[in-house]
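For any residue, its number in the working numbering is found by taking its place in the sequence shown, counting from 1, and adding 38.
Worksheet: the structure to be examined is printed underneath.
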Amino acid sequence: MRKDGFTYEGGRVLCCDAFSATGLVKHGFSTKKRGSSTGIFSSLNLGVHTQDQPDNVEQNFSLFCGDVSIDPEHLVLSQQVHGTVIHRAGKEDCGKGLYRESNLKEIDGLVTNEPGVALATFYADCTPILFLDPKQKVIASVHSGWRGTVQKIAQRAAMTMMRAYGCNSEDILVAMGPSIKQCHFEVDEDVYLEFLLHFRGMAEKCTIKKNNKYYIDTDTLNVYSLLQMGILQEHIYTSKSCTYCNEELFFSHRRDGETGRMCAVIELQ
């Protein structure tokens with residue numbers, strides 16, 4: 039176990055120890071290591087909408103799913119657009135986006151209480167967030183880019199769990215996976231002003247200004263959003279891994295431009 043509460047499993051997957059300890063879910067955050075893709079997508083690229091060879095991506099899914107003991111046919115993939123729409127997924131959605139056509143458009147969050155439904159979201163700097171209520175047995179997977187963070191998609195996911203599935207905020211566990219950290223999340227003033235608008239009084243504390251650029255700590259802002267929903271601080275686990283800094287382990291759009299994608303997935307057993 040690492041100090042941030044995450045463990046590398048088999049050198050290819052990062053798992054949250056608190057989630058694993060429940061025995062209720064299969065889950066993981068992928069890295070870029072030990073896959074089939076080459077070139078700029080080397081090597082465990084899971085981005086179905088990249089210019090990588092489809093056969094390579096499908097093989098990579100088989101490798102990743104093997105590591106987390108999930109049947110690839112259970113995966114639910116949506117078209118992410120940096121929005122805040124949360125979809126309540128079910129068995130009828132399994133295979134969408136990978137093995138069959140998907141009607142899950144403009145969706146950045148998935149939630150379910152059905153076993154055998156694997157909720158997958160994708161990232162290459164944005165924050166992947168997994169949710170688990172071990173009492174009501176409800177899970178969610180969310181893609182939170184800076185726009186999603188500003189619009190508080192993490193709150194929307196928690197709210198969906200509570201309103202649609204009867205979850206109690208104090209029971210919900212949250213795992214925030216590897217993402218670009220404050221050291222490299224550089225934005226111009228227009229983006230900083232968006233954060234100020236939605237996190238007034240907090241954004242200022244999470245921002246460093248240097249050479250007329252702003253460096254924002256989105257992890258702390260996402261945690262702040264979750265605390266506002268009543269989720270307990272001790273139930274929120276945040277990976278310290280920066281996708282930009284760790285070139286050996288992670289794809290980074292900011293660092294590399296056109297590149298591969300990593301996946302965050304969770305499934306109820």
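Just so you know, even glycine gets a beta-carbon here, dropped at the ideal spot from N, CA and C.
Comparing C-alpha positions only, which one of the options sits nearest to residue i?
i       : options                               : result
Val-63  : Met-267, Ala-213, Tyr-262 and Glu-242 : Ala-213
Glu-296 : Gln-307, Lys-41, Asn-83 and Pro-166   : Asn-83
Tyr-253 : Ala-196, Cys-221, Gly-61 and Ser-58   : Cys-221
Val-119 : Ala-56, Ile-191 and Asp-105           : Ile-191
Glu-286 : Phe-57, Leu-265, Lys-70 and Ile-108   : Lys-70
Leu-234 : Asp-105, Asp-255 and Glu-130          : Asp-255
Leu-136 : Lys-278, Lys-248, Ile-145 and Gln-117 : Gln-117
Asn-260 : Asp-228, Ile-167 and Glu-242          : Ile-167
Ser-107 : Thr-245, Phe-79, Ala-156 and Arg-138  : Ala-156
Arg-201 : Lys-41, Gly-77, Val-51 and Met-267    : Met-267
Near residue i, what residues of its chain come up, given a Cβ to Cβ distance below 6 Å and the 5 sequence neighbours on each side ignored?
i       : result
Gly-133 : Glu-111
Thr-198 : Ile-124 and Val-149
Gly-154 : His-112
Lys-173 : Asp-209
What number of angstroms, rounded off, separates the C-alpha of residue i from the C-alpha of residue j?
i       : j       : result
Cys-205 : Val-95  : 35 Å
Gly-49  : Phe-67  : 11 Å
Asp-171 : Ala-302 : 17 Å
Arg-299 : Lys-219 : 17 Å
Leu-101 : Gly-186 : 29 Å
Tyr-161 : Asp-105 : 19 Å
Arg-238 : Tyr-262 : 12 Å
Asn-250 : His-236 : 21 Å
Phe-169 : Ser-217 : 16 Å
Lys-129 : Glu-152 : 7 Å
His-65  : Lys-278 : 18 Å
Phe-79  : Ile-177 : 30 Å
Arg-45  : Lys-248 : The sequence shown places Thr at residue 45, rather than the Arg named in the question. Cα to Cα, Thr-45 sits roughly 34 Å from Lys-248.
Gln-307 : Gly-61  : 8 Å
Would you check if the distance between the CB atom of residue i and the CB atom of residue j is smaller than 8 Å?
i       : j       : result
Ala-196 : Ser-179 : no
Ser-140 : Cys-164 : no
Ile-210 : Ile-304 : no
Cys-53  : Glu-47  : yes
By Cβ distance below 7 Å, which residues in the same chain neighbour residue i in space, the five residues on each side in sequence not counted?
i       : result
Asn-98  : Gly-73, Ser-74, Ser-75, Leu-82, Asn-83 and Leu-84
Glu-144 : Gln-117, Val-119, Gly-121 and Val-123
Starting from residue i, follow the alpha helix (DSSP H) in both directions and report where the run begins and ends.
i       : result
Val-188 : 184-188
His-291 : 291-294
Cys-103 : 92-106
Arg-72  : Neither: Arg-72 is in no alpha helix (DSSP H) and is coded neither H nor E.
Leu-264 : 256-266
With respect to the beta strand (DSSP E) encompassing residue i, which residues constitute its N-terminal and C-terminal limits?
i       : result
Gly-66  : 63-68
Glu-227 : Not the beta strand (DSSP E): Glu-227 falls in the alpha helix (DSSP H), residues 227-236.
Ile-274 : 274-276
Asn-169 : Sequence check: residue 169 is Phe here, not Asn. Start and end: 165-171.
Which residues in the same chain as residue i place their Cβ atom closer than 8 Å to its Cβ, once the five residues preceding and following it in sequence are excluded?
i       : result
Leu-264 : Ala-192, Gln-193, Ala-196, Val-212 and Ile-274
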